[in-house]
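Worksheet: the structure to be examined is printed underneath.
2 protein chains.
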Amino acid sequence: MSAEIICIGTEILLGDILNSNAQYLAQELAKLGIPHYYQTVVGDNLNRIHHVIKTALERSSILIFTGGLGPTPDDLTTEAIASYFQTKMIEDGEIIEDIKIKFAHRGREMTPNNRKQALIPQGALVLPNKTGTAPGMMWEKEDKIILTFPGVPSEMKQMWQDTAVPFLKTKGWGQEIIYSQMMRFRGIGESSLAQKVNHLFDLTNPTVAPYASHGEVKLRVSTKAKNPEEARKIIQPITEEIKAIAGQDYFGSDSDTLASVVGNILKQKGETISVAESCTGGGLGAMLTDIEGSSEYFMGGIIAYSNEVKMKLLGVSEDDLNKEGAVSAMVAEQMAIGVREKLGTDWGIGITGIAGPGGGTESKPVGLVYIGIASAKGEVFSYGDTYGSNRGRYLVRYLSACNALDKLRRML
Amino acid sequence: MSAEIICIGTEILLGDILNSNAQYLAQELAKLGIPHYYQTVVGDNLNRIHHVIKTALERSSILIFTGGLGPTPDDLTTEAIASYFQTKMIEDGEIIEDIKIKFAHRGREMTPNNRKQALIPQGALVLPNKTGTAPGMMWEKEDKIILTFPGVPSEMKQMWQDTAVPFLKTKGWGQEIIYSQMMRFRGIGESSLAQKVNHLFDLTNPTVAPYASHGEVKLRVSTKAKNPEEARKIIQPITEEIKAIAGQDYFGSDSDTLASVVGNILKQKGETISVAESCTGGGLGAMLTDIEGSSEYFMGGIIAYSNEVKMKLLGVSEDDLNKEGAVSAMVAEQMAIGVREKLGTDWGIGITGIAGPGGGTESKPVGLVYIGIASAKGEVFSYGDTYGSNRGRYLVRYLSACNALDKLRRML
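Here the protein sequences come in this chain order: Z and B.
Under UniProt numbering, the first residue of the first sequence is numbered 1, with each subsequent residue one higher.
Under UniProt numbering, the first residue of the second sequence is numbered 1, with each subsequent residue one higher.
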């Protein structure tokens, strides 16, 4: 038994909308412990929808459709399912009433188009839609389960929770859940980490799988269990082993971010921080204040985009700016010291670099960023890194802000 | 001839990541005029990938794969394609060299795992990956075209543009393109705008369709044409009509953002700007400096998260902070004036609010944000808006930064 998600709509194929429904349903299937191996997207075309149904029935036993339930001639989902199974459609009187009431609430009359939305294949059950006019259906047909939902995410989600989840539970699903912990690492590449934990990739319970994204590497540790508590017990020995292997390169799990981890340590220690930003233009401050309650430790900062501001507000020396250049270890350090003193915080971070695409030279290429960190003890550290001249302005800025947080994390 | 997008990765099936690659590729196929009827997602499993390849070959002639090109045993895309076609894999010496160089740049050594990434089926061409270690391939096999890309979006996009687009053009694609202009509006709701341009929704060439997203409403004006110039001629009368109807609510098209539009006006006028941020914590500065060349008009700013910083660095009056509160029109105005004077710019923006989830009161609920704007003429304006207490911290911060830019845009 496994489920397949089938999203119907030409707007997805044209790239006009992002298919977030598939992600939501995928997460929900994992919560219920229902295996899910395929997702398909197809446009508003009867023959192609038939092809997709045929393929899905060959390999999956629960077919979950979203989209194509509207009142226009483009909306073909119900009709395609009924005709595939050569089943007559019948008009559901309660749906008609419900649609009429919804139109009346908006001070309008039901259009003849909407009559179509009341048709369902003989034998199927209606899944009521509390907010929109498009109901879905639930049909047990030839050992398969077919569920349809409208494409509007808020309607689909509510109907899923109200109707599909209880129904699937009566079928025995949800007694075992798929539980995962996403472990997050920084300062180590995907392949190096994979090599260190290579012996864990063959485990079958829990399973361990690596992922890479910008600025971090992840390991997903997953298991099947009766409930989250039992699952945590199963995965704990493995997550502990991984933490021991990775050391400081492991920084958190699940919804942890570098900013939340750094914030938690600062809060525990009762220490405060301020930032002086050039190339990131406020992005590091924005990352830190993205965390609820960050006002406890983040006091503020100075965005010193121009050299005048670096000198005037942060006390960076004009001589050093001329000699070393604005993008230098010296200036990053002076920015960190300057902002720490000016704002009276325990820690100060300075960040200066060339985000590009212009402004690079042979000795100082696009992507070169210096990070300075000043402490209450009067110490000051700096780090220079090149984030790659062809990674684009966005990534140079994003990765250097992440890196500043990671350097501070290791220091804390 | 039609294309199918096949995304490989168990992380998509578990709902861990949103499949944004499929949307990007769908848009790109539309630009080239390549029909595209199906998208499939499958996990890291050899048999299932084979099933997907078989199905796709039955109905599509261009197969575009993303994901599964990494160095770990989970990464099966290339191997699955080669074994499906019973073709030997050979190691590409140039890829090995390239990976070694990339590791050396980061001060690391290539791991044995990465050798796997140099294997491609005999007869296929390598698609070089400028930034990552995972190259893709392009393989013309039995009248089909097979293209593979890594799952990391930035790498995939660059490789698509650098290699796949020119290749597909040599195959005759791109002679008739689907051309769209996405017109962007702010300060008007989707249904109000739709009502104003209702008569345009029935057009067949060009077509006009509405979209809504956070902080803006969009109209997509599309046509088919031989080239962008011809397309622009077809859509121009309609876009001009829409601009006339929308007035100041229209702010730009396609890749224009509020920050780029404001930046362009400032550059033209030779004026400069600085920002004083409380609740956005640097996000407004980050938005402004996200634009290349923003150093011409953006001098910097002060992130005044704590009240002390508001007083000490921006000269906000302690009396007013106590009387009116940090989240008030008065304080927003003083922040704008303070940063403008301190940084010596033509314009100063101040922004202070309650991003939540904590910190709200009955008279000042979560989501309340004040924006102050100070001009070189000595004028100062302020605006208070509530962004909804249930929209979450991220949206309150994002929308209020957008709103500050929009207020300034209308003033400029």
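All C-beta atoms, glycine included, are put in the ideal place defined by N, C-alpha and C.
query, result
"Opposing strand residues paired with residue 465(B) [DSSP bridges]", "Since the displayed chain B opens at 1 and closes at 412, residue 465(B) lies outside it and no answer follows."
"Within-9 Å CB hit, V262(Z) to chain C", "Within the model displayed, chain C is absent; protein chains Z and B are what it includes."
"Selected residue, minimal CA-CA separation from Y383(B), among V366(B), Y394(B), G392(B) and A404(B)", "A404(B)"
"Supposed close pair V41(B), I12(B) - CB separation, criterion 8 Å", "5 Å"
"Distance CB(T257(Z))-CB(L266(Z)) smaller than 9 Å", "no"
"Distance CB(W29(B))-CB(G15(Z)) smaller than 9 Å", "It is worth fixing the name first, because residue 29(B) is Leu in this sequence and not Trp. Yes, these two residues count as a Cβ contact at 9 Å."
"CB contact check: Y38(B) to chain Z, cutoff 9 Å", "yes"
"Residues bridged to W160(B) (per DSSP)", "In the DSSP output, where bridge partners are listed per residue, W160(B) has none listed."
"Which of helix, strand or coil DSSP assigns to T272(Z)", "coil"
"DSSP-derived helix/strand/coil call for H105(B)", "helix"
"Interfacial residues, the region 248-272 of chain Z to chain B, with Cβ spacing under 7 Å", "none"
"The region 154-169 of chain Z contacting the region 106-120 of chain Z, beta-carbon criterion three pairs below 8 Å", "no"
"CB of Y179(B) within 9 Å of CB of T148(B), strictly", "no"
"Environment of N21(Z) [buried if 16+ CB atoms lie within 10 Å]", "buried"
"Per DSSP, cross-strand counterpart(s) of M330(Z)", "According to DSSP, M330(Z) bridges with nothing at all."
"Contact check, I349(Z) vs A374(Z), beta carbons under 9 Å", "yes"
"A332(Z) burial status per 10 Å Cβ neighbour count (16 or more: buried)", "buried"
"Sub-9 Å separation of L284(Z) and N307(Z) beta-carbons", "no"
"Residue from I90(B), M89(B), M138(B) and G187(B) whose Cα sits closest to the Cα of K407(B)", "G187(B)"
"Short-range partners of chain Z found in the region 192-205 of chain B, where Cβ spacing is below 8 Å", "none"
"Same chain, Cβ closer than 7 Å to A336(B), five either side skipped, listed in chain order", "A276, G348, I349, G350, G372, I373, A374 and V380"
"Buried or exposed by the 16-neighbour rule on C-beta atoms within 10 Å, applied to G270(Z)", "exposed"
"Contacts of Y24(B) in chain Z (Cβ-Cβ under 8 Å)", "G15"
"Beta carbon of I291(B) nearer than 9 Å to that of A259(B)", "yes"
"Proximal residues of chain B, C-beta to C-beta of S20(Z) below 8 Å", "L18"
"Where H51(Z) meets chain B, residues with beta-carbon distance less than 8 Å", "R59"
"When P71(B), A26(B) and M89(B) are compared against I62(B), the one with the closest alpha-carbon", "A26(B)"
"Neighbourhood of K100(Z) by C-beta distance below 6 Å, restricted to the same chain and skipping five residues each side", "M110"
"Any beta strand (DSSP E) of 3 or more consecutive residues that is wholly inside the region 254-327 of chain Z", "273-277 and 298-304"
"Proximity test, Cβ basis, 9 Å: I238(B) and chain Z", "no"
"Counted within 10 angstroms of its Cβ, other Cβ atoms place R397(Z) as buried (16 or more) or exposed", "buried"
"Close-in-space but distant-in-sequence residues of the same chain around M89(B) (CB under 8 Å, 5 per side omitted)", "T78, E79, A82, L119, I120, P121 and Q122"
"Nearest to R220(Z) (by Cα), restricted to the options K233(Z), I238(Z), E142(Z) and I64(Z)", "I238(Z)"
"Delimiting residues of the alpha helix (DSSP H) encompassing F65(B)", "Looking at the DSSP string, F65(B) is not in any alpha helix (DSSP H); the run it does join, the beta strand (DSSP E), is I62 to T66."
"Three-state secondary structure assigned by DSSP to V52(B)", "helix"
"For P210(B), three-class secondary structure by DSSP", "strand"
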